[in-house]
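For the first sequence, the numbering used here puts the final residue at 668, and the numbers step up evenly by one.
The block underneath contains the structure these notes are about, expressed in structure tokens.
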Amino acid sequence: MSAAVDLYGGDVCTVARALIGCVVRHGETAGVIVETEAYHQSEPACHAYVGLTPRTQTLFGPAGVAYVYRSYGVHAMLNAVGEEEGIGAGVLIRALEPLEGIELMRERRGRVRVEELCSGPGKLTQALGIELAHDGCDLGIGPVTITPGAAEPLEIATSTRIGITRAVELPWRYTLAGSRFVSRRVAALAAV
DNA sequence: CATGGGATTGACT
DNA sequence: GTCAATCCCATGC
């Protein structure tokens with residue numbers, strides 16, 4: 477538990493940066509996090525902005541827990557809850573570099589290149605088989621887990637968030653510099 | 001109880 | 001580049 481607080485208990489921007497390079501695992505599939513975004517109740521892009529509701533109660537819970545929700549009625553999104561209990565904040569996992577169970581991911585996602593298996597928040601949940609039922613799961617216990625990756629410092633690029641309509645100017649998106657596995661489709665737009 | 005929005009993806013022109 | 005698909009839930013009457 478204290479380990480979870482160490483990793484997830486700080487402010488969400490720090491947590492989002494710390495999660496780059498960590499490994500997400502679910503069953504036989506696993507991948508290295510290469511892209512994250514921070515969300516906090518103090519800014520309008522966050523679901524928790526409106527306050528504590530049945531939908532967002534997980535975000536207000538203890539840190540180190542999975543918050544899974546459905547977007548556009550089609551895709552599941554995986555977040556790691558951050559900050560202390562009572563604060564609505566979390567880190568959206570946007571992209572992974574496939575590590576294990578790649579064949580299984582291909583079965584779930586169809587025949588696509590390795591770079592396309594997990595290069596987006598909706599894609600990675602499909603590839604790993606993560607569903608709404610995993611909302612509230614302790615990321616230190618499972619079935620969905622996040623474990624620290626390489627101890628060596630990684631070069632992390634900071635940019636603005638993607639695909640949102642509010643507070644788009646906040647530089648709360650973090651990517652592993654030079655990675656081929658980030659969702660760069662919209663990254664070109666952010667550069668304009 | 002009815003309505004509209006949402007942190008996306010993929011298919012089509 | 002443009003557009004539809006489709007579930008959960010917050011909000012409003």
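Every residue gets a Cβ at the ideal spot worked out from N, C-alpha and C, and that includes glycine.
All of these numbers come straight from a predicted model, not from anything done at the bench.
In terms of residue numbering, what span does the beta strand (DSSP E) encompassing L568 cover?
For the purposes of this step, residue 568 is taken as residue 92 along the first sequence, with counting starting at 1. Here the beta strand (DSSP E) through L568 covers 565-576.
With three or more beta-carbon pairs closer than 8 Å as the criterion, would you say the stretch 579-590 touches the stretch 554-570?
Between the stretch 579-590 and the stretch 554-570 there are fewer than three inter-stretch CB-CB distances shorter than 8 Å, so the stretches are not counted as touching.
Validate contact between the stretch 516-536 and the stretch 590-608 using beta carbons, cut 8 Å, 3 pairs:
With a cut-off of 8 Å, the stretch 590-608 and the stretch 516-536 do not count as touching, because too few Cβ pairs lie within range.
Look at the alpha carbon of P520 and the alpha carbon of I617, and state the distance between them as a whole number of angstroms.
Counting from 1 along the first sequence, the entry for residue 520 is found at position 44. Counting from 1 along the first sequence, the entry for residue 617 is found at position 141. As the crow flies, the alpha-carbon of P520 is around 31 Å from that of I617.
Where A653 falls, given that 16 or more other Cβ within 10 Å makes a residue buried
Translated into the one-based positions of the first sequence, residue 653 becomes position 177. Counting every other CB atom within 10 Å of its CB across the protein chains shown gives A653 a total below 16, marking it as exposed.
Delimiting residues of the beta strand (DSSP E) encompassing E604:
The residue given as residue 604 occupies position 128 in the first sequence. Just to set this straight, residue 604 is Leu in the shown sequence, not Glu. No beta strand (DSSP E) holds L604; the alpha helix (DSSP H) holding it covers 597-604.
Let's test the definition: count the other Cβ atoms within 10 Å of the Cβ of A626 and tell me whether it reaches 16, buried, or not, exposed.
Residue 626 sits at position 150 when you count from the first residue of the first sequence. Note on A626: under 16 other CB atoms within 10 angstroms of its CB, so exposed under the neighbour-count rule.
Quick check: the Cα distance between L554 and R587, rounded to an integer number of angstroms?
Along the first sequence, read from residue 1 onward, the residue named residue 554 stands at position 78. Along the first sequence, read from residue 1 onward, the residue named residue 587 stands at position 111. C-alpha separation (whole angstroms): 23 Å.
Outcome for A609 when other beta-carbon atoms lying within 10 angstroms are tallied against a minimum of 16
Taking the first sequence and counting its residues from 1, the one referred to as residue 609 is at position 133. Exposed.
Note down the Cα distance separating G537 from I578, rounded to an integer number of angstroms.
Against the first sequence, residue 537 aligns to sequence position 61. Against the first sequence, residue 578 aligns to sequence position 102. Straight across, the Cα-Cα distance linking G537 with I578 is about 32 Å.
Just the C-alpha distance for G486 and E628, rounded to the nearest angstrom, thanks.
Numbered from its first residue, the first sequence carries residue 486 at position 10. Numbered from its first residue, the first sequence carries residue 628 at position 152. Distance between the alpha carbons of G486 and E628: 20 Å.
Nearest-angstrom Cα distance between E559 and R656?
The residue labelled residue 559 in the question sits at position 83 within the first sequence. The residue labelled residue 656 in the question sits at position 180 within the first sequence. C-alpha separation (whole angstroms): 30 Å.
Looking only at C-alpha atoms, which of W648, L483, R660 sits nearest to L568?
For the purposes of this step, residue 568 is taken as the residue at position 92 of the first sequence. Of W648, L483, R660, the smallest CA-CA separation from L568 is found for W648.
Are the CB atoms of V557 and L535 within a distance shorter than 7 Å?
Translated into the one-based positions of the first sequence, residue 535 becomes position 59. Translated into the one-based positions of the first sequence, residue 557 becomes position 81. The answer is yes: Cβ separation under 7 Å.
Should P624 be labelled buried (16 or more other beta-carbon atoms within 10 Å of its own) or exposed?
Counting from 1 along the first sequence, the entry for residue 624 is found at position 148. The residue is exposed, with fewer than 16 neighbouring Cβ atoms inside 10 Å.
Which ranges does the beta strand (DSSP E) cover as unbroken runs of at least 3 residues, wholly within the stretch 513-550, from first to last along the chain?
Runs of the beta strand (DSSP E) inside the stretch 513-550: 542-547.
Given a threshold of 16 other Cβ atoms within 10 Å of its Cβ, counted over all protein chains shown, does S659 qualify as buried or as exposed?
Within the first sequence, the letter at position 183 stands for residue 659. Classification of S659: buried, given that the 10 Å Cβ count is 16 or more.
Neighbourhood of I509 by C-beta distance below 7 Å, restricted to the same chain and skipping five residues each side
Translated into positions along the first sequence, residue 509 becomes position 33. Take I509, set aside five residues on each side of it, and the residues of its chain with a beta-carbon closer than 7 Å to its own are L495, I496, G497, C498, V500, I569, L572, in chain order.
For R637, I'd like the list of residues in its chain whose CB is within less than 6 Å of its CB, leaving aside the five on either flank, ordered along the chain.
Translated into the one-based positions of the first sequence, residue 637 becomes position 161. Scanning its chain for C-beta atoms nearer than 6 Å, with the 5 sequence neighbours on each side dropped, one finds around R637 the residues E513, W648, R649, in chain order.
Quick one: complete alpha helix (DSSP H) runs, 4+ long, within the stretch 579-657?
590-593, 597-604, all fully within the stretch 579-657.
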